[in-house]
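Written below as structure tokens is the structure these notes are about.
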Amino acid sequence: MSIETGVDFLTGKLEITPAFTGGPISGVYVVEELNLTSIPIFINHYFGDLLFLNEGIMLDFQNAGAENYTGIGVGIGFGVGVRHKHNNFTFYLNPVCRKHLFLSEKYGLAEWGVKFGIGYLL
Numbered sequence: 327m328s329i330e331t332g333v334d335f336l337t338g339k340l341e342i343t344p345a346f347t348g349g350p351i352s353g354v355y356v357v358e359e360l361n362l363t364s365i366p367i368f369i370n371h372y373f374g375d376l377l378f379l380n381e382g383i384m385l386d387f388q389n390a391g392a393e394n395y396t397g398i399g400v401g402i403g404f405g406v407g408v409r410h411k412h413n414n415f416t417f418y419l420n421p422v423c424r425k426h427l428f429l430s431e432k433y434g435l436a437e438w439g440v441k442f443g444i445g446y447l448l
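Sequential numbering from 327 applies to the sequence shown in our numbering.
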């Protein structure tokens, strides 16, 4: 078991679509720039030399064009990954699922992605 932390940066586009009301709505959505900075604190559980499971919390700061999607918040996340150790280096591949919850937005933001990483043991 180990603790993983750092700083994550996510940038992209946020597409905001109105809720379905029963009638046809065409072309009514807004695309905003999204910049998200997270400080994760995850616990890694290892199963042998290759597999691991990680879970934890995040402190988030989000900056988007829409005020509803800008602010600070917390998040949770988990993932399952593989790692390879070579000398003092560790290489890993980690598919993750994260849920970011912001004070200004009721439903938050779901993130699915893959992390690649390199670690060095001093």
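Just so you know, even glycine gets a beta-carbon here, dropped at the ideal spot from N, CA and C.
Predicted model only: the values in this text are computed from it and were never measured.
Rounded to a whole number of angstroms, what is the C-alpha to C-alpha distance between residue i and residue j?
i, j, result
"glutamate 330", "proline 344", "37 angstroms"
"leucine 448", "valine 357", "44 angstroms"
"phenylalanine 442", "glutamate 359", "24 angstroms"
"histidine 426", "valine 440", "16 angstroms"
"glycine 401", "arginine 424", "7 angstroms"
"glutamate 437", "phenylalanine 387", "15 angstroms"
Using DSSP's beta-bridge definition, name the partner residues of residue i.
i, result
"phenylalanine 415", "His412 and Tyr446"
"methionine 327", "BP columns for methionine 327 are empty, so no partner."
Check whether the Cβ atoms of residue i and residue j lie closer than 8 angstroms to each other.
i, j, result
"isoleucine 367", "glycine 348", "no"
"phenylalanine 428", "glycine 403", "no"
"glycine 405", "asparagine 420", "yes"
Among the residues of its own chain, which have a CB less than 6 angstroms from the CB of residue i, if the five just before and after it don't count?
i, result
"serine 364", "Asp334, Met384 and Asp386"
In chain order, what residues of the same chain have a beta carbon less than 8 angstroms from the beta carbon of residue i, not counting five sequence neighbours either side?
i, result
"tyrosine 355", "Glu341, Ile342, Thr343 and Pro344"
Check whether the segment 332 to 344 and the segment 371 to 378 touch, using three or more Cβ-Cβ pairs below 8 angstroms as the test.
The segment 332 to 344 vs the segment 371 to 378: no contact.
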